[in-house]
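Below you'll find the structure, written out as structure tokens, and then a few comments.
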Amino acid sequence: MPIEVSARLLREAGVFIAGESVECEVTVRNRRAGGPGVVESLAWCSVQLHCQEVLNGGRVKVPPSRQQKKSTHGPNTALLPGRGENGFTVHASRPTVLFCDLQLRPEESRSFRCTEVLPEEDTPPTYKGHAVKYMYKLTIGVQHVNSPVKLLRIPLRVLRILTTTGFSHLCDDDDRLSPSNPFLNTQLTKASVLDIANQMIENITAVKNCHIYSVTNSHGRIGSFTLFKNGFKLGEDILGRFSFEDGQVPCVQYCVSLQSIEELTEEYKLKDDQPPTVITHVTQHAVSFFYAQSEVKLHIPLTATPTFFTDVVHLKWRLHFEFVTSTEPLAINPNKDGLWMAPNELDIETMVWDLPLKVFPCSPLNACLTTIEAENCATLVV
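Per our numbering, residue 4 is the first one in the sequence shown, and the count goes up by one each step.
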């Protein structure tokens, strides 16, 4: 049965924001080189979008209520998007039938286009953690008459904005979208979900006011740390500044790390005291002895997952600080010339401090820049 079915996304890379429309083109071609009377036929073809949740049994306790919702196998002639995959189907769109009883002559091809809308609320983003994974796929099902269904899958990366309500309704806000230039065409245009999402991300992560934190230990004040905002997007640099001018305790050196914390909810923990999984993405070390100020710059990877939460897991972000302080002050006489030699021994203490952050998605067009090879197409012979 030499019929080739190929599917490709109309976007160059399969990265989308929740609420966007995924456009796909499916091409069916008869590869048989025969006479005009030889015709190949397909019974039907349909497209469906689904999100699969995979739990790590060594880290997660699955409640009995969830085990009953596990994906069933069903007959071979039924379209089940999660067939052959582990885990649970947490979202599945309604199947879109592209054609029924399609007949193709030798070397003839037909193309079909379809659109699937990503869910905006109550669904997680794409995430590959240690305890749980969420994977989105666009599944194309094809069947010959009296033959099993064959599935073609295209992986998607879905980013989600952490909001209490959706944002697609803002696309109909005419006042917000009206042009401010009187010399432009006054005809109103409906903004896309991507435009609204990008604008919302820019508003959330904009610099509104700086945050100053006082760093102290049991001996007194070490210094202050200034963070210009506490909401960042993927691919952005976290900029901060330490000031030790008014410090009472000398800070010898410090280390700051950008970390994500994967914490299971109580219902899914194997043990009551099960600790969260901490992943360190970027680390910066600095010597700050006799420094008045010190700068901090950490880059958030584009491949990371923004802050989100589900009924299974919470993904949080933080800055993890480790300070090394001296218990005895070391003074330098500024009126005396000479070379200062570091002491051979120094009594020190360590202190740890965690500063929570919120990480939001960036534009999906920017997130796809890290994709080495775009997985936006797939081919199957039926």
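Heads up, the beta-carbon is just placed ideally off N, CA and C, and yes, glycines get one too. On a predicted model such as this, the values are computed, not experimentally measured, just so you know.
Nearest neighbour of residue i, chosen from the options [CA to CA]
i, options, result
"T313", "V31, R116, L165 and G17", "L165"
"L349", "T373, Q256, K140 and C380", "Q256"
"R116", "V100, N347, A307 and K131", "V100"
"H302", "L368, C213, V41 and V362", "V362"
Straight-line gap, residue i to residue j (C-alpha atoms, nearest Å)
i, j, result
"V8", "R35", "13 Å"
"I237", "E110", "According to the sequence as given, residue 237 is Leu; it is not Ile. Roughly 46 Å separates the two Cα atoms."
"K64", "K319", "21 Å"
"L152", "E265", "Here residue 152 is Val; the residue named in the question, Leu, does not match the sequence. The alpha-carbon atoms of V152 and E265 are separated by roughly 37 Å."
"V384", "E26", "22 Å"
"E352", "N59", "39 Å"
"T286", "R11", "39 Å"
"R97", "I6", "26 Å"
"S217", "E205", "28 Å"
"V145", "L154", "6 Å"
"G22", "L242", "31 Å"
"T219", "E239", "29 Å"
"C3", "I157", "Absent from the structure is residue 3, since the part of the chain shown begins at 4 and ends at 385."
"V50", "S24", "14 Å"
"K274", "Q262", "23 Å"
"D175", "S195", "The pLDDT assigned to D175 is 46, lower than 50, so where the model puts this residue is not dependable, and the model offers no usable value."
"G250", "I282", "31 Å"
"L162", "M203", "14 Å"
"T129", "L107", "38 Å"
"N233", "L360", "5 Å"
"S61", "H317", "In the sequence as displayed, the identity of residue 61 is Gly instead of Ser. Taking the straight line joining both Cα atoms gives about 18 Å."
"C213", "K140", "41 Å"
Own chain partners of residue i with C-beta closer than 7 Å, once the 5 adjacent residues on each side are dropped
i, result
"H94", "H53, C54, P122 and T126"
"E269", "none"
"P253", "F292, T328, S329, P332 and L333"
"D104", "S44 and A46"
"K272", "K64"
Cβ-based neighbour list, residue i, same chain, cut-off 6 Å, excluding 5 preceding and 5 following
i, result
"A370", "V18 and L305"
"S366", "N201"
"F245", "G226, F228 and S297"
"A381", "A10, L155 and I157"
"C48", "L101, F102 and V145"
Close beta carbons around residue i, own chain, < 8 Å, minus the five adjacent residues each side
i, result
"V29", "V8, S9, A10, C48, V50, L101, S114, F115, R116, C117 and I143"
Review point. Quick one: complete beta strand (DSSP E) runs, 3+ long, within the region 270-342?
Key: 280-290, 296-302 and 316-329
Practice item. Could I get the ranges of all uninterrupted alpha helix (DSSP H) runs contained in the region 223-275, with 4 residues as the minimum, in chain order? Key: none
Review point. Can you give, in chain order, each stretch of the alpha helix (DSSP H) that sits fully within the region 356-384 and has at least 4 residues?
Key: 367-370
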